[in-house]
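Asker: The following block contains the structure, expressed as structure tokens.
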Amino acid sequence: MNETYTLEVLAEMTGITARTLVEYQEHGIIRPQFDDDTVRCLRRIEHLRESCGMNLGGLKLMARLLQEVDELRHELRLRR
946 MNETYTLEVL AEMTGITART LVEYQEHGII RPQFDDDTVR CLRRIEHLRE
996 SCGMNLGGLK LMARLLQEVD ELRHELRLRR
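Residue numbering for the sequence shown follows the numbering used here, starting at 946 and increasing by one per position.
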């Protein structure tokens, strides 16, 4: 099971301000439970935000699509 983190620890781990993390949470980009999956998601999202200049709506869509891809990969691994 993944370790969970506080908002402050997550901010320190990712270099993203607590305020931005709360905003991401409020917009449904990340879940309120902060764990290793959240860290991976945030790294992807921040890369997209910085390299593509995506807005919150775009980030939310990408986070959802990336989650679906991860779930499909997991299903494929289980079938092998």
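Each residue gets a CB set at the ideal place from its N, CA and C atoms; glycine is no exception.
Keep in mind it's a predicted model, so treat the numbers as computed, not measured.
Count the other C-beta atoms from every protein chain shown that fall within 10 angstroms of the C-beta of residue 951, then say buried if there are 16 or more, exposed otherwise.
Answerer: The residue is exposed, with fewer than 16 neighbouring Cβ atoms inside 10 Å.
Asker: Buried or exposed, going by whether 16 or more other CB atoms sit within 10 Å of the CB of residue 985?
Answerer: Exposed is the call here.
Asker: Give me, in chain order, the residues of the same chain whose beta-carbon lies closer than 6 angstroms to that of residue 974; leave out the 5 immediate sequence neighbours on both sides.
Answerer: Result list for residue 974: 1004, 1005 and 1008, in chain order.
Asker: Return helix, strand or coil for residue 962, following the three-state DSSP convention.
Answerer: DSSP places residue 962 in coil when its eight states are reduced to three.
Asker: Just list the residues that DSSP pairs residue 951 with in beta bridges.
Answerer: Looking at the DSSP assignment, residue 951 forms no beta bridge with any residue, so it has no partner.
Asker: Please list the terminal residues of the continuous alpha helix (DSSP H) segment that includes residue 990.
Answerer: Where residue 990 is concerned, the enclosing alpha helix (DSSP H) stretches over 981-997.
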